[in-house]
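So the structure is just underneath, and the comments pick up after that.
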Amino acid sequence: YKDEISNISLNNGLRSVKLYMYYYYLMIRFLF
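Residue numbers are given in our numbering: position 5 of the sequence shown equals residue 8, and the series is strictly consecutive.
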C-alpha cells in the first residue's frame with residue numbers, strides 16, 4: 004500500500020518535472 008502511494012507520487016513528480024522542462028524550453032525558444 005505504501006509502495007503504491009510512493010509510486011503514484013513519483014509518477015506525478017516526474018510528470019510535473021516534464022511539464023516544467025517543457026515550459027522552460029518554450030520560454031528559451033521565445034526569448035532567444
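All C-beta atoms, glycine included, are put in the ideal place defined by N, C-alpha and C.
inquiry  = I need the boundaries of the alpha helix (DSSP H) containing PHE33, first residue and last residue.
reply    = Taking the first residue of the sequence shown as position 1, residue 33 is located at position 30. From DSSP, the alpha helix (DSSP H) with PHE33 extends over 5-34.
key: Nonlocal neighbours in the same chain, by C-beta distance under 7 Å from MET24, ignoring five residues either side   = Here residue 24 corresponds to residue number 21 of the sequence shown, with the count starting at 1. Counting only Cβ-Cβ distances below 7 Å, and skipping sequence neighbours, we find nothing.
task = Could you tell me the distance, in whole angstroms, from the CA atom of GLY16 to the CA atom of LEU22?
result = The residue you call residue 16 lines up with position 13 of the sequence shown. The residue you call residue 22 lines up with position 19 of the sequence shown. Cα to Cα, GLY16 sits roughly 10 Å from LEU22.
inquiry  = Quick check: the Cα distance between LYS5 and VAL20, rounded to an integer number of angstroms?
reply    = The sequence position of residue 5 within the sequence shown is 2, counting from 1. The sequence position of residue 20 within the sequence shown is 17, counting from 1. Computed Cα separation, rounded: 22 Å.
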